[in-house]
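Chains as they are written, first to last, in my numbering: chain A, 1 to 505; chain B, 1 to 729. Yeah, the Cβ is synthetic: ideal placement off N, Cα and C, and Gly gets one too.
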């Protein structure tokens, strides 16, 4: 088994769903879980097989459109492994948290695995054109998942997300074509392009196309407003994948195509784009402080956290880049967990996401498991040492301090605000006044409903939540688990341009 | 005996393990929680004692154990733990005090349904605190520091069904976090300059000679040395954690937590972490370009890293000059003592002195028994910083240690009072308790005398005297000394007031107690059970016994902390005696004033105004409402933050959202234009063209519509025409 199998498994899984019996959703679920586990195994296979994280190892290579220099070329290095494993974990967790989907289950999972195929494809592509194809492939199922299975405002959210994605794609497409043809390389291969030294004037205008185009999907200020709307409209599994993996596609693209290929362009645009990233960190946190919808808060927190990833990329230092990848992984796990708790555990049971309404329900008593998980996820999200977020943010800030100390200080403000809005949402959702014995609140219909319904957190949810927390803790306590893959990858020839231009110090 | 160093990690690991076990224990299982937690701490205490013996055997030596946590590029981030007198003393103190507070909690929390969870959090907290004091890496220290903040959040908000407790928990977390950003940035700066966050690493640590020289030499654009900037940023973290002005407001509110929590976290240990941090990085605070030769001289290049602790600034304190000679310090040391203190030390001294004074004044006008103690803690922490700045780590840490014991004692005593008075916290509703709670009264009196600085017998006197003495002898400004002196008077005053209200005079129980025709209160205050009074007794004994190690005749603690072998001194200098006289006078003034105000005329009822309130109402109001600082923050930062949040939200909704909508509308408009163009212009043209074509076709089709008659008619016509043409021709 090689990581290529992730694509095959997900694609087959998507097709297989259509052959499941319509009336028995449990078969569809079981198959989905099996598929997800197999894809996770395939994602791990590269590491298990002992592939060198420092080498961009080719997995599959075949000519596709030879006349245009397009190849079907899949390859992996340490950063790829890191992102593959994240996607695999998110896939499994997503299935576990979609156990209660009843409406057109087979179609749901078919689209789910198509989306995963796109994500795996982006991470594995060694050809920019192929990467772009997979990148576009991910948008369609994403749109359908939100528009069909989403909650309130779903058409609007789905459309906004799709349109933003396409705008980003348009920029990226122009940038990719420029890379391959305007520069005279005539190939889309990342390895070929990595060897080519693009002239500075060329980098000056192509780098922003590529970086900003990709960063739209990573939620870069001021192109971030799709994130909260899209996230909150999406069904649980889709918002988990959206926060967990899809936003990483943007950051990953910005790393592979932007920073790695055009380091001089990156150096020219370092300050303005870095400022946007830092503003995103603070801005996202500030807006989150004022929101009343729990999913909007988490959506804005995603904007804030992905700002760290972008800031790390733009610091162009070794610490910053490894921190950015670490942050991508970390936010994928923690953000996914937050959305799972908010969407599955809270919303599906109380049918409200408004803090004001949740306050009266005394949820801490009704579902203690959800409360404890949310507290842990909240602390992980605000960068508590011991969880992966701290290791990642510390790396990013260490890198940013060298490149732009003022922005590192600005991001520090974002960390304080992060603590503030996280405590606010944790407290108001689960612990706010309404403890029955203190002030018996009037028995609203909502509350009756909440009391009457089975509020027991199901086994799949428990497994999913505990798994994600365990991963966040493991990476936080021993960041070498991932850094041992990431750091050697920064030494590979793909980053030669960056090293030559004085980055990665 | 490297054995102790190798198992030092067990001290924090054991409570952490207990905490993990308890977090998985169902709430109904209550039996194992307390014995397990106390057992872990007891074991830790034994190890800590062994470690102290080891450290004291050669106080100048710093033993460290480092390992790599992670690497990026060519640089590795290492963490590790350190064994020197400072860490060993702190380990012993924390395990000991925390252990007795754990015992006390068995009684205090016995009725709480979340008993197990309480011990889980307490163990987590203690583990983090132990991690802070033994870590040899700023990064690890910061990590433990943050976890400690987390545990503090959980414990303050332990009774989260009280809105005030939940608010206090959040406030504590966020205020300390503001300081922590300074800490984090200072750490980043330090890492960028030196490439290491290890404190001691065989000469390569950031508190050792090479790094200090480099840091003192490196200046940023404003001319400030990197070492100063870093030390000030780290001091921000300490200000947050140790409740100094201007971030002190969270500490008094933190009293919403259960009383053992207040005793452990907000008196004895956690808040002292800030003081500990500054003591730890003291070489950094004192590092000046001229300090280079001295620090180098104290660090011989042998295999084990030598302590950089006997740093320059301590020479300013006359008391340690004897040691300086004994240790045969290089002559540069004497030369440096005359130079003015560094900026960091100046800031630290001023912040400390101001906090000590203001907090002690506010404490005078409070009625909540725990709140008085809380402000007293803030004030004492100010004293510690003053001591650190003017006398070096030994002076500050001595007060930290003595304060830990007597403040824990006072808080637990207050807890016992509250418990005995059925959760009453207002001192106006107490009174006359000395008869009903003799054990609590006796021990509380010891704590009170130690805090106010009753001479000779009580440890607090010696440690505070030492601070005042070094502040007096300080080469910087004399103002901090004056402020500290007034604070010392106020301390004795408010403690006398509290004693008078709580333990003397008639009992002024809540009116509700007298209802239903009873002349005697329904519920009498009662003495607490043995499990609560025993810890009080032990801590009271310690508050007295600690005197032994800190007098000027045998300054064991001071020598050990400064890295010298302890020795007995025959004669005491005049300066020392003079300072002692001043501090005795200060305490005496406070007592007398307190006696006049409160003991002679005892409050007889709840509504009797405070004597000071009637005499100086305006000042009293200001002090009682704590200088309106909370309100000020709410009116400024609170409103600004909310406004900024709303502004960003507005930006997203209106500007960005509006932009998107504008683009959307523009796109729609273009689409409509296109449609109109298509329908009316293109389609119109097309339609007209079509019509013309059809019309012509219609006409054309007339000739081939399949009607024979018409064909024949046309044919006939045509023939006729042809015939005519031929004839014409």
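Measuring straight from C-alpha to C-alpha, what distance separates residue 658(B) and residue 425(A)?
Your numbering for residue 658(B) matches position 658 in the second chain. Your numbering for residue 425(A) matches position 425 in the first chain. Each residue's alpha carbon lies about 27 Å from the other.
Kindly list the residues whose CB is nearer than 7 Å to the CB of residue 547(B), restricted to its own chain and excluding five residues on each side of it in sequence; keep chain order.
Taking the second chain and counting its residues from 1, the one referred to as residue 547(B) is at position 547. If we look at residue 547(B) and ignore the five residues flanking it on each side, its Cβ neighbours are 457, 458, 459 and 462.
List the residues that DSSP assigns as beta-bridge partners of residue 83(B).
On the second chain, residue 83(B) is found 83 positions in, with the first residue counted as 1. According to DSSP, which records beta bridges pairwise, residue 83(B) is partnered with 63(B).
Within a Cβ cutoff of 8 Å, which residues of the same chain sit near residue 436(A), ignoring the five residues on either side of it in sequence?
Here the question's residue 436(A) lines up with position 436 in the first chain. At residue 436(A), the pLDDT of 43 sits below 50, so the modelled position is not reliable and the matter cannot be decided from this model.
DSSP-derived helix/strand/coil call for residue 297(B):
Taking the first residue of the second chain as 1, we reach residue 297(B) at position 297. Because residue 297(B) carries a pLDDT of 34, less than 50, the predicted location of this residue cannot be relied on, and the following value inherits that uncertainty. Shown here, residue 297(B) sits in a helix according to DSSP, grouped into three states.
Quick check: the Cα distance between residue 491(B) and residue 483(B), rounded to an integer number of angstroms?
To locate residue 491(B), count along the second chain from 1; it is residue 491. To locate residue 483(B), count along the second chain from 1; it is residue 483. Computed Cα separation, rounded: 12 Å.
Could you spell out the range, first to last residue, of the alpha helix (DSSP H) harbouring residue 294(A)?
The sequence position of residue 294(A) within the first chain is 294, counting from 1. Per DSSP, residue 294(A) belongs to the alpha helix (DSSP H) from 294-314.
Starting from the C-beta of residue 506(A), find all residues in its chain whose C-beta is less than 6 Å away, skip the five residues before and the five after it, and write them out in chain order.
The displayed coordinates of chain A run from 1 to 505. Any statement about residue 506(A) would go beyond what the structure contains.
Taking DSSP as the reference, what is the three-state secondary structure of residue 474(B)?
Taking the second chain and counting its residues from 1, the one referred to as residue 474(B) is at position 474. Looking at residue 474(B) - three-state DSSP - the assignment turns out to be coil, as it is neither helix nor strand.
Let me know the secondary structure DSSP gives residue 104(B) once reduced to three states.
Residue mapping note: residue 104(B) aligns to position 104 of the second chain, counting from 1. In the structure shown, residue 104(B) sits in a helix (DSSP, three-state: H, G or I).
How many angstroms separate the CA atom of residue 333(B) from the CA atom of residue 421(A)?
As a first step, residue 333(B) is located in the second chain; it is residue number 333 there, counting from the start. As a first step, residue 421(A) is located in the first chain; it is residue number 421 there, counting from the start. At residue 333(B), the pLDDT of 33 sits below 50, so the modelled position is not reliable; the number obtained from the coordinates is stated separately. So the two alpha carbons sit approximately 51 Å from each other.
Looking only at its chain, what residues have a beta carbon closer than 6 Å to the beta carbon of residue 283(A), apart from the 5 residues adjacent to it on each side?
For this step, residue 283(A) is matched to residue 283 along the first chain. If we look at residue 283(A) and ignore the five residues flanking it on each side, its Cβ neighbours are 221.
Take the Cβ of residue 66(B) as the centre, count every other Cβ of all protein chains shown within 10 Å, and call the residue buried at 16 or more, exposed below.
Numbered from 1 along the second chain, position 66 holds the residue referred to as residue 66(B). Buried, because 16 or more other Cβ atoms sit within 10 Å of the Cβ of residue 66(B).
Rounded to whole angstroms, what is the Cα-Cα separation between residue 560(B) and residue 149(B)?
As a first step, residue 560(B) is located in the second chain; it is residue number 560 there, counting from the start. As a first step, residue 149(B) is located in the second chain; it is residue number 149 there, counting from the start. Each residue's CA atom was taken as its position, placing residue 560(B) and residue 149(B) some 30 Å apart.
Please check if any C-beta of chain B sits within less than 9 Å of the C-beta of residue 500(A).
What you label residue 500(A) is simply residue 500 of the first chain in a count that begins at 1. Taking Cβ atoms only, chain B never reaches closer than 9 Å to residue 500(A), which makes this a no.
Listing by chain order, which chain A residues have their CB less than 8 Å from the CB of residue 178(B)?
Position 178 of the second chain, counting from 1, holds the residue named residue 178(B). The answer, in chain order, is 416.
Alpha helix (DSSP H) segment containing residue 104(A), residue limits:
The residue you call residue 104(A) lines up with position 104 of the first chain. Careful: residue 104(A) lies outside any alpha helix (DSSP H) and carries neither H nor E.
Just the C-alpha distance for residue 494(A) and residue 298(A), rounded to the nearest angstrom, thanks.
In the first chain, the residue the question calls residue 494(A) occupies position 494. In the first chain, the residue the question calls residue 298(A) occupies position 298. Taking the straight line from one Cα to the other gives about 34 Å.
Does the contact criterion of 3 or more C-beta pairs under 8 Å hold for the stretch 83-96 of chain A versus the stretch 32-48 of chain A?
yes
Span of the beta strand (DSSP E) around residue 61(A)
By 1-based counting over the first chain, the position of residue 61(A) is 61. Per DSSP, residue 61(A) belongs to the beta strand (DSSP E) from 57-65.
Need the endpoints of the alpha helix (DSSP H) that residue 74(A) sits in, please.
Sequence index remark: in the first chain, residue 74(A) carries index 74 (1-based). Careful: residue 74(A) lies outside any alpha helix (DSSP H), inside the beta strand (DSSP E) at 70-76.
Taking Cβ positions only, does residue 582(B) come closer than 9 Å to chain A?
As a position in the second chain, residue 582(B) is number 582, starting the count at 1. Not an interface residue.
9 Å Cβ cutoff met for residue 170(A) and residue 109(A):
Against the first chain, residue 170(A) aligns to sequence position 170. Against the first chain, residue 109(A) aligns to sequence position 109. No, these two residues do not count as a Cβ contact at 9 Å.
By alpha-carbon positions, which one of 290(A), 177(A) and 100(A) ends up nearest to residue 149(A)?
The count along the first chain starts at 1 and reaches residue 149(A) at position 149. When each option's Cα is compared against that of residue 149(A), the closest is 100(A).
How is the alpha helix (DSSP H) around residue 615(B) delimited, first residue to last?
Position 615 of the second chain, counting from 1, holds the residue named residue 615(B). Taken as a continuous stretch (DSSP letters only), the alpha helix (DSSP H) holding residue 615(B) covers 611-615.
By the three-class DSSP mapping on this structure, what secondary structure does residue 432(A) have?
Taking the first residue of the first chain as 1, we reach residue 432(A) at position 432. Coil, per DSSP.
Run the CB neighbour count on residue 294(A), radius 10 Å, all protein chains shown included, and call it buried at 16 or more, exposed below.
Taking the first residue of the first chain as 1, we reach residue 294(A) at position 294. The residue in question, residue 294(A), is buried, as its Cβ has 16 or more Cβ neighbours within 10 Å.
Mind pulling the chain B residues with CB within less than 7 Å of residue 294(A)?
For the purposes of this step, residue 294(A) is taken as the residue at position 294 of the first chain. Simply none; closest approach about 16 Å.
Could you check the C-alpha separation between residue 600(B) and residue 453(B) for me, to the nearest Å?
To locate residue 600(B), count along the second chain from 1; it is residue 600. To locate residue 453(B), count along the second chain from 1; it is residue 453. If I take the Cα positions, the gap works out to 22 Å.
Is it a yes or a no for the stretch 172-184 of chain A touching the stretch 155-164 of chain A, going by three-plus beta-carbon pairs under 8 Å?
no
Count the other CB atoms, across all protein chains shown, that sit within 10 Å of the CB of residue 173(B); report buried if there are 16 or more and exposed otherwise.
Here residue 173(B) is taken as the residue at index 173 of the second chain, counted from 1. Buried, because 16 or more other Cβ atoms sit within 10 Å of the Cβ of residue 173(B).
For a contact meaning CB atoms closer than 9 Å, what does residue 652(B) contact in chain A?
Along the second chain, read from residue 1 onward, the residue named residue 652(B) stands at position 652. Chain A residues near residue 652(B): 222, 224, 225, 228, 283, 287 and 300.
At a CB distance below 7 Å, what residues from the stretch 401-430 of chain A approach chain B? Give them in sequence order.
401, 402, 408, 409, 412, 415, 416, 419, 420, 423 and 427
Chain A within 9 Å of residue 649(B), Cβ atoms only
Here the question's residue 649(B) lines up with position 649 in the second chain. Judged by the 9 Å Cβ criterion, residue 649(B) is in contact with chain A.
Chain-order list of residues whose beta-carbon lies under 7 Å from that of residue 91(B) (same chain, five-residue window excluded):
Within the second chain, residue 91(B) is the residue found at index 91, counting from 1. If we look at residue 91(B) and ignore the five residues flanking it on each side, its Cβ neighbours are 11, 48, 51, 130, 133 and 134.
Restricting to Cα atoms, I'd like to know which of 481(B), 443(B), 403(B) and 405(B) is closest to residue 389(B).
Position 389 of the second chain holds residue 389(B). It is 481(B) whose Cα lies nearest to the Cα of residue 389(B).
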